[in-house]
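Colleague: Under this note's numbering, the first residue of the sequence shown carries the number 9, and numbering increases by one thereafter. Even for Gly, the Cβ is constructed at its ideal location relative to N, Cα and C.
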Amino acid sequence: MVMVGKSLSEAMNAITVGSGPETVVLAHGYGGDQSVWDKILPHLARRCRVLVFDWGFSGAVNDPDFFDAVEYSTFDAFADDLIALLEEMNLVRSPSVFVGHSMSGMIGCIASIKRPELFSRLVLVGASPRYINSGDYEGGFESSEVDQLLSNIESNFHQWAPSFAQLVVGAGDPLAVEKFGKCLKRMRPEAALAVADLIFRSDQREMLEKVTIPCTIVQTTNDVAVPTSVADYMRKKMIQAKSTVEIIDADGHFPQLTAHRQFLEVLGGVLGFDL
């Protein structure tokens with residue numbers, strides 16, 4: 009939702025950096041903002057035009073009225089914002105490489121189904137179509153664990169945030185934990201709860217087979233939020249996308265923070281040049 013007199017790109021703090029024949033879109037996940045790409049952006053900007061932005065729920069967004077929990081109760085709403093942002097930024101004349109971290113992976117998939125001509129490749133980093141275990145599907149969480157997580161956010165968000173940051177980033181990189189923790193704590197508690205509820209209770213598995221854009225799935229070896237089995241599940245389901253899996257030997261849910269050199273190698277392979 010954009011307030012009167014303000015463009016979507018302004019509301020989402022969207023900027024383009026660098027130049028080159030390839031356009032890369034970097035989309036952060038839950039609790040983050042565009043600063044989670046700080047280690048990646050300078051390398052990409054030497055060879056590509058790069059778009060970074062903040063989702064409406066991010067604490068970096070200045071307008072508290074931009075994010076409405078009812079309006080953004082589906083991934084489709086975020087996908088519509090992504091498409092509208094690309095149009096507003098005049099990034100629709102040629103397809104872009106979309107790099108989506110965590111929840112943004114599913115957002116990018118949905119956007120690519122709606123407007124496939126806008127994307128040349130999807131890079132899904134620590135993405136998951138469903139977080140709750142279901143039958144033979146291993147999402148990583150039991151339903152009761154998700155209930156407890158949401159209860160902790162609701163009862164005392166600011167106490168919960170630092171422990172969650174350490175858990176998902178990995179205690180082995182305290183600077184990265186601190187960086188994400190600061191981003192997370194800037195979120196409004198009501199937005200943090202609404203988006204967490206959307207993410208952890210969603211089921212996007214049936215959508216995967218509809219993706220036709222070539223896809224690279226990036227997964228660390230030890231991600232507390234997303235088991236490696238999820239990456240393999242996605243690869244098998246995304247037949248039309250001819251998806252491949254790249255495993256980064258690192259801990260945590262944020263390879264762009266904790267294993268950025270290995271992550272850049274993967275991106276270089278996708279883009280076809282060294283970064």
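Identify the continuous beta strand (DSSP E) that holds F359 and give its terminal residues.
Modeller: With the chain covering 9 to 283 only, the question about residue 359 has no answer from this structure.
Colleague: Could you tell me whether any Cβ in chain D is nearer than 9 Å to the Cβ of V105?
Modeller: The structure shown contains no chain D, having only a single protein chain.
Colleague: Closest by CA to G64, which one among A53, P50, G39 and V176?
Modeller: Of the listed residues, the one whose Cα sits closest to G64 is G39.
Colleague: Taking the alpha carbon of G134 as the point to measure from, which residue in G26, V32, M97 and V234 has its own alpha carbon closest?
Modeller: The option with the nearest alpha carbon to G134 is V234.
Colleague: If you measure between the beta carbons of G260 and T236, is that distance less than 9 Å?
Modeller: Cβ distance not < 9 Å, so G260 and T236 don't count as in contact.
Colleague: Let me confirm a value: I221 is counted as buried when at least 16 other C-beta atoms fall within 10 Å, else exposed. Which label applies?
Modeller: Buried, by the Cβ-count rule.
Colleague: Excluding five sequence neighbours on each side, which residues of the same chain lie with their C-beta closer than 6 Å to the C-beta of K245?
Modeller: If we look at K245 and ignore the five residues flanking it on each side, its Cβ neighbours are L216 and E217.
Colleague: Between which two residues does the beta strand (DSSP E) containing D259 stretch?
Modeller: Here the beta strand (DSSP E) through D259 covers T252 to D259.
Colleague: For the alpha helix (DSSP H) that Q156 lies in, which residues bound it at each end?
Modeller: Here the alpha helix (DSSP H) through Q156 covers S151 to V177.
Colleague: Excluding five sequence neighbours on each side, which residues of the same chain lie with their C-beta closer than 7 Å to the C-beta of G180?
Modeller: D259, listed in sequence order.
Colleague: Please list, in chain order, all residues of the same chain as F86 whose beta carbon is under 6 Å from its beta carbon, the five residues on each side excluded.
Modeller: Cβ within range, chain order: I115.
Colleague: Mind checking E79: buried by the 16 CB within 10 Å criterion, or exposed?
Modeller: The residue in question, E79, is exposed, as its Cβ has fewer than 16 Cβ neighbours within 10 Å.
Colleague: So, is K187 buried or exposed, given that buried needs 16 or more other C-beta atoms within 10 angstroms?
Modeller: Under this definition K187 is a buried residue.
Colleague: Quick one: is R269 buried, meaning 16 or more other Cβ sit within 10 Å of its Cβ, or exposed?
Modeller: R269 should be labelled exposed.
Colleague: Where L126 and L90 are concerned, what is the direct C-alpha to C-alpha distance, given to the nearest angstrom?
Modeller: Roughly 11 Å separates the two Cα atoms.
Colleague: Which residue's Cα is closest to the Cα of G108: S102, A199, E146 and I118?
Modeller: Comparing Cα positions, the closest option is I118.
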